[in-house]
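Final position of the sequence shown in our numbering is 82; the numbers increase by one with none missing.
Beta carbons are placed, not taken as given, at the ideal position from N, Cα and C, and that holds for glycine.
Just below is one structure, and these are the notes that go with it.
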Amino acid sequence: MLAVTKEDADLRLIYLAAALFVVLGLLFAFNVKGISEKFFRFVTKYTPAGNATPNTMRYVGGGWVFLGIVLCLPEIVSALR
């Protein structure tokens with residue numbers, strides 16, 4: 002039986018977070034089923050939007066995809082060696 006170390010558990014959590022960022026980012030970036038507009042309307046009920054528009058959430062989604070890739074970057078680099 003393989004023992005799971007704390008480092009392995011931490012890495013799994015980071016990869017899970019990265020996958021979540023990528024999936025949610027793609028949903029927001031491509032506005033699947035109008036999720037960007039719906040989320041924007043939900044958020045602006047409770048906080049002022051300033052100059053933001055529903056399209057801003059699509060850019061935020063693109064940023065989440067980038068962040069998810071950056072979180073996995075050390076693993077990608079080590080796989081390419």
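Residue nearest to L14 in terms of C-alpha spacing, selected from S79, A80, L72, L81: Nearest C-alpha to L14: L72.
Is the separation between the beta-carbon of G69 and that of V33 shorter than 8 Å? Taking 8 Å as the cut-off, the Cβ atoms of G69 and V33 do not count as close.
Below 6 Å CB to CB, which residues in the same chain sit around N56 once its five sequence neighbours on both sides are set aside? Answer for N56: no residue qualifies.
Spatial neighbours of A19 within its chain, please: CB distance less than 7 Å, with the 5 preceding and 5 following residues excluded, ordered by chain position. Within the same chain, Cβ atoms closer than 7 Å to the Cβ of A19 are found at G69, L72, C73, the five residues on either side in sequence being excluded.
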